[in-house]
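**Q** Numbering that gives the first Met the number 0 puts the sequence shown at residues 0 to 52. Glycine included, C-beta positions come from ideal geometry on N, C-alpha and C. Here's a structure for you.
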Amino acid sequence: MEFVFDCGWCGGDNYFVGKQVGWWVDKWEIPSEWYCRFCDGLNDTPDPPWTEA
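This is the structure we're talking about:
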């Protein structure tokens, strides 16, 4: 499943494909930190629920 996160520095949309953590659960794994593809600012992943892209 793909999720979208807003950069805390420039507001740009960053998309991530989550890895499912199990067969029968609706839980996804996303990196805890990531760099914005626009401004290269370091961001923390917010707590779920996340916005689907």
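If the criterion is Cβ atoms closer than 7 Å, does the pair Phe35 and Gly10 meet it?
**A** Stepping through the sequence shown from its first residue, residue 35 is reached at position 36. Stepping through the sequence shown from its first residue, residue 10 is reached at position 11. One detail in the question is off: residue 35 reads as Cys in this sequence, not Phe. No; because the gap between Cβ atoms is not below 7 Å, this pair is not in contact.
**Q** Might you give, ordered along the chain, the residues of its own chain that have their beta carbon closer than 6 Å to the beta carbon of Ile29, omitting 5 neighbours on each side?
**A** Numbered from its first residue, the sequence shown carries residue 29 at position 30. Closer than 6 Å at the Cβ level, and outside the excluded window around Ile29, lie Phe15, Gly17 and Thr44.
**Q** Have a look at Trp8, Gly21, Gly7 and Asp25 and flag the residue whose alpha-carbon is nearest the alpha-carbon of Glu51.
**A** Here residue 51 refers to the residue found at position 52 of the sequence shown. Nearest option by C-alpha distance: Asp25.
**Q** Quick check: the Cα distance between Gln19 and Phe2, rounded to an integer number of angstroms?
**A** Within the sequence shown, numbered from 1, the residue matching residue 19 stands at position 20. Within the sequence shown, numbered from 1, the residue matching residue 2 stands at position 3. Approximately 12 Å, taken between the alpha carbons.
**Q** Decide if Phe37 is buried, meaning its Cβ has at least 16 other Cβ atoms within 10 Å, or exposed.
**A** Here the question's residue 37 lines up with position 38 in the sequence shown. That one is exposed.
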